[in-house]
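**Q**
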Amino acid sequence: MHPFPALLIAAIAAALGAGLAPNEAIAAVSKGMGGTLGGIAAIVGLGAMFGMLVEHGGGITALAQYVTRGRGAQLTRWMLGFVGVIIAIPVFFDVAFIILFPLILAFSRRFSQAPLAFGLPLLAGLAAAHAFIPPTPGPIAVAQQLQVDLGWVMVFGILVGIPAALVGGPIFAAYALRRNWLPMGQPLTLAQASGSTQSFDPQIAKTALALIILPLFLIITGAIVGPLGLPAGLFRDILEIAGTPVIALLIACAAALLAMRKSEKEDRAALRQAIEKSLEPVGIILLVTGAGGAFKQVLVDTGAGQSLADAALAWGLTPLVCGFFIALLLRIAQGSATAAMITSASLTYPIASAAALSQPQLALVAVAIAGGATACSHVNDSGFWLINRYFGLTTAETLKSWTISATLTGGTGFLLALLVYPFV
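Residue 0 is where the sequence shown starts when you use numbering that gives the first Met the number 0, and the numbers rise one by one after that.
Written out as structure tokens, the structure reads:
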């Protein structure tokens, strides 16, 4: 089933099965859905608009071209891993992949290597940022469910997500290339496939990079000024207000609009249409996220969550390990990384709450959940088929390349979170 009705049915069934009256069950579902969406709806919407503003101004392609210009094949793969991480922060996974696919084909022709040799590093970077680093919807929803400050999730998401992307991307691609594991496939031939040879303005690339870093800097700064002991006063208040995710993204959207807009009247009309289109995929994301919040609220109200927490703690399972394996099972079962993250966060919240974790520890639990939801992309994942079709691969070839890459990315993220957890 689609995650939205599946989560709602599960929430209502759990509430009724635990003995709540029908009106109490519906009240719990409504409370959970409203409470969750109230915290993240504006953030997800602004994040989608911000990505579209940067993309519409040509910043995404220019940034990728600028970072990889004049490099050899091996260094290009490494740079594509970083490009994937940076670009997927404001832009959805599938959108970023489609935009940059012509660049992958251009590198494949230039260096006479399989397109996957350059595609996997980019895809691993996109997948890592999509799961580990806000303001993408998945980590925002997990932070909301676990009640952890988004700034801490950003800090550990970046620290863990970048190495994970490099292991699953350029390192795995180079290893597979040496052993002739990467098929040539029959990739789609696009009219703009010579994109990397087209002239571009390096200033646009630098502007795009600055715009992407801006909201991350504001949110992380707002989260750490207190722990760093900055004296109370007007300056600290300004930093904390600007670091609120909604305000940070509003500032980023305004900056992107000013920096990337063009003067032509026709372009302004196209920009308005692009912004409206950017909000279309937000609806389903918010519905699934809200349903996940409803499920969590039912677990809390019925006491089922506390029972789950007691059992997990009695077995000696830490919230971090529980979060990873629940997310991994859900990812394997239903395919969607975002849905797996949201649902596993609902189930992990009672365990994390009972363990009385600090904010940095909760952020690492969120990172572990992201790792589980990234691994094992296979035939029930829409991204799997997007990659399969664009690279012209068989199902078996996609499983032997992209599925392994995604699993290495998610597994590395979990292992790194596990290593850092005792020290925070």
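Each residue gets a CB set at the ideal place from its N, CA and C atoms; glycine is no exception.
Thinking C-alpha only, which one of S306, L363, G291 and I237 is nearest S343?
**A** The residue with the shortest Cα to Cα distance from S343 is G291.
**Q** Is DSSP giving I132 helix, strand or coil here?
**A** I132 falls in the coil class under three-state DSSP.
**Q** State the Cα-Cα distance for the pair T337 and L115, rounded to the nearest angstrom.
**A** Answer to the nearest angstrom: the Cα atoms are 25 Å apart.
**Q** Identify whether T301 lies in helix, strand or coil by the three-state DSSP scheme.
**A** Here T301 sits in helix by DSSP.
**Q** Whole angstroms are fine: how far does the CA of L407 sit from the CA of L187?
**A** For L187 and L407, the distance between alpha carbons rounds to 26 Å.
**Q** Exposed or buried, S195, counting other C-beta atoms within 10 Å across all chains shown (16 or more means buried)?
**A** With a pLDDT of 42 at S195, under the threshold of 50, the predicted position of this residue should be treated as unreliable, and no value is reported.
**Q** Quick check on the DSSP output: the alpha helix (DSSP H) that includes S111 runs from which residue to which?
**A** S111 -> no alpha helix (DSSP H), and no H or E assigned at all.
**Q** Looking at G50 and G83, is the spacing between their C-beta atoms short of 8 Å?
**A** For G83 and G50, no; Cβs fall outside 8 Å.
**Q** Whole angstroms are fine: how far does the CA of P280 sit from the CA of P4?
**A** Roughly 17 Å separates the two Cα atoms.
**Q** Please determine if the stretch 342-362 and the stretch 381-399 are in contact, where contact requires at least 3 C-beta pairs separated by less than 8 Å.
**A** Segments in contact, no.
**Q** If distances are taken between C-alpha atoms only, which option among L215, A255, L257 and D266 comes closest to A241?
**A** Comparing Cα positions, the closest option is L215.
**Q** Could you spell out where the alpha helix (DSSP H) holding M0 opens and where it closes?
**A** Where M0 is concerned, there is no enclosing alpha helix (DSSP H), given that its DSSP letter is neither H nor E.
**Q** Contact between the stretch 34-49 and the stretch 59-77: three or more CB pairs below 8 Å?
**A** They do not touch, by the three-pair rule.
**Q** Between which two residues does the alpha helix (DSSP H) containing F171 stretch?
**A** Start and end: F171 to R177.
**Q** Considering just the uninterrupted stretch of the alpha helix (DSSP H) at H377, what are its terminal residues?
**A** Per DSSP, H377 belongs to no alpha helix (DSSP H) and is neither H nor E.
**Q** Rounded to the nearest angstrom, how far is the Cβ of P244 from that of I218, given a contact under 8 Å?
**A** About 6 Å separates the two Cβ atoms, so the contact holds.
**Q** Applying the 10 Å Cβ sphere with the 16-neighbour rule, what's the burial state of Y174?
**A** Y174 is exposed by the Cβ-count criterion.
**Q** Just the Cα atoms here: how many angstroms apart are G18 and V28?
**A** Rounded to whole angstroms, G18 to V28 spans 15 Å at the Cα level.
**Q** Measure the alpha-carbon distance for I341 versus A365 and round it to whole angstroms.
**A** Each residue's Cα considered, the two are about 10 Å apart.
**Q** For A434 and L52, which I take to be in contact (beta-carbon distance under 8 Å), what is that distance rounded to the nearest angstrom?
**A** A query on residue 434 cannot be resolved here, the shown segment of the chain reaching from 0 to 423 and no further.
**Q** Should P230 go down as buried or exposed, given a rule of 16 or more other Cβ atoms within 10 Å for buried?
**A** Exposed.
**Q** As an exercise, report each continuous alpha helix (DSSP H) stretch of at least 4 residues that is fully enclosed by the stretch 297-372, in chain order.
**A** Entirely contained in the stretch 297-372, the alpha helix (DSSP H) runs reaching 4 residues are, in chain order, 303-313, 318-333 and 336-353.
**Q** So, with DSSP's three-state summary, where would you put I85?
**A** Helix, per DSSP.
**Q** Would you kindly report the start and end of the unbroken alpha helix (DSSP H) that includes V166?
**A** Run containing V166: none; DSSP gives neither H nor E here.
**Q** Is W180 helix, strand or coil when you go by DSSP?
**A** W180 falls in the coil class under three-state DSSP.
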